[in-house]
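Numbering (this note's numbering), first residue to last: 55 to 368.
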Ligand code: FSX
Ligand code: SF4
Ligand code: F3S
């Protein structure tokens, strides 16, 4: 009770009311595909955490957009909420330690929390030329092999870590590969797909784990079904225009201003599984198709090769 009171006082000090927080929990619960009876339990995960699982967050071949989108996520205070429920032991972008001390933190965390920590991995692994990516003199693949097998659960965040992403775009000189495939652990690693992914899907996966003691159910590409069971096209607000053959043929046109369907200017929504239309980005402000940009299929494997040329009809 005391813990909970303190939590709400801290939120209040940031200008966040209990009502705002409950609104967020309701939204998160719905995104996770749980019934509204779970809202108080989801709130409790944040407000009165029974445990703060240690997290080791690795950076491999990527642009760090995934960390950026998580830390600057939809609600200005959610980053702190996430830090509230997790104990981040190692994260190259946000930790203060550097050099030998950072390395020491990593090794200490793996030893101390062997089999108990959550490993989050961002970025792809160059298997053809492993030396393309190194931290502290170690190749990415060796870092992944050293850390991942000791984790209680591993979450690959972003299409790079899932399927290779931009680093693996043809001709993929480094032989960049997603984490699951590189370690032969497909199906055992959760893939939060997108470039970058929506942070709510990471938060939902972690809350699911803390609340129900297990990782969420996954599709055959390792993506949580709560977020990736439907296509963009399934939930698209422009769908009625698609059905009526009301199409944007040119950006800046009258049809574009009317919010017509973006299929002819390259929308990959019909082939792309993600919950962007419902979850939205930046405080629920908008998402690509709502902003007038076709979906480029960023949550699908090899989208840089399979979905290009962008802006051309499928
Ligand atoms: Fe990849 Fe994440 Fe795209 Fe970038 O780190 S999914 S390039 S947004 O940031 O890995
Ligand atoms: Fe489908 Fe894209 Fe048209 Fe939306 S804009 S209805 S996702 S094709
Ligand atoms: Fe990506 Fe398409 Fe959503 S490009 S962010 S999956 S609308």
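Note that CB positions come from ideal geometry on N, CA and C, so glycine has one too.
query = Got a sec? Which residues, its chain only, sit under 8 Å from residue 212 by beta carbon, not counting five neighbours each side?
reply = 116, 119, 120, 176, 177, 219, 246, 247, 248, 249, 250 and 251
key: Delimiting residues of the alpha helix (DSSP H) encompassing residue 263   = 253 to 266
key: Residues proximal to the ligand F3S by C-beta, any heavy atom closer than 7 Å   = 248, 249, 286, 322, 323, 326, 328, 330, 341, 342, 343, 349, 350, 351, 352 and 353
ask   = Which residue comes first and which comes last in the alpha helix (DSSP H) that contains residue 125?
value = 119 to 125
request  = Please find out if some non-hydrogen atom of the ligand SF4 comes closer than 7 Å to the beta-carbon of residue 12.
outcome  = Residue 12 lies beyond the residue range present for the chain, which begins at 55 and ends at 368; the question has no answer from this structure.
ask   = Who are the Cβ neighbours of residue 323 in its own chain at under 7 Å, not counting the five residues just before and after it?
value = 285, 286, 287, 290, 343 and 349
query = Hey, quick one: how far does the beta strand (DSSP E) through residue 141 stretch, first residue to last?
reply = 141 to 145
key: Heavy atom of the ligand FSX within 7 Å of residue 369 beta-carbon   = Here the chain has residues from 55 to 368 only, and residue 369 is not among them.
key: Inter-residue spacing [alpha-carbon to alpha-carbon] between residue 302 and residue 318   = 6 Å
key: Limits of the alpha helix (DSSP H) - the one that residue 161 falls within   = 153 to 166
query = Can you tell which of 257, 122 and 193 has its C-alpha closest to the C-alpha of residue 172?
reply = 257
inquiry  = So residue 83 and residue 96 are supposed to be a Cβ contact under 8 Å. How far apart are they, rounded?
reply    = 5 Å
task = Measure the Cβ-Cβ separation of residue 204 and residue 179 and say whether it is below 8 Å.
result = no
query = DSSP state of residue 149, grouped into three classes?
reply = coil
query = What residues in its chain sit with their C-beta under 6 Å from that of residue 194, if we drop five residues either side in the sequence?
reply = 114, 179 and 187
request  = Please confirm whether residue 333 and residue 85 have their CB atoms less than 8 Å apart.
outcome  = yes
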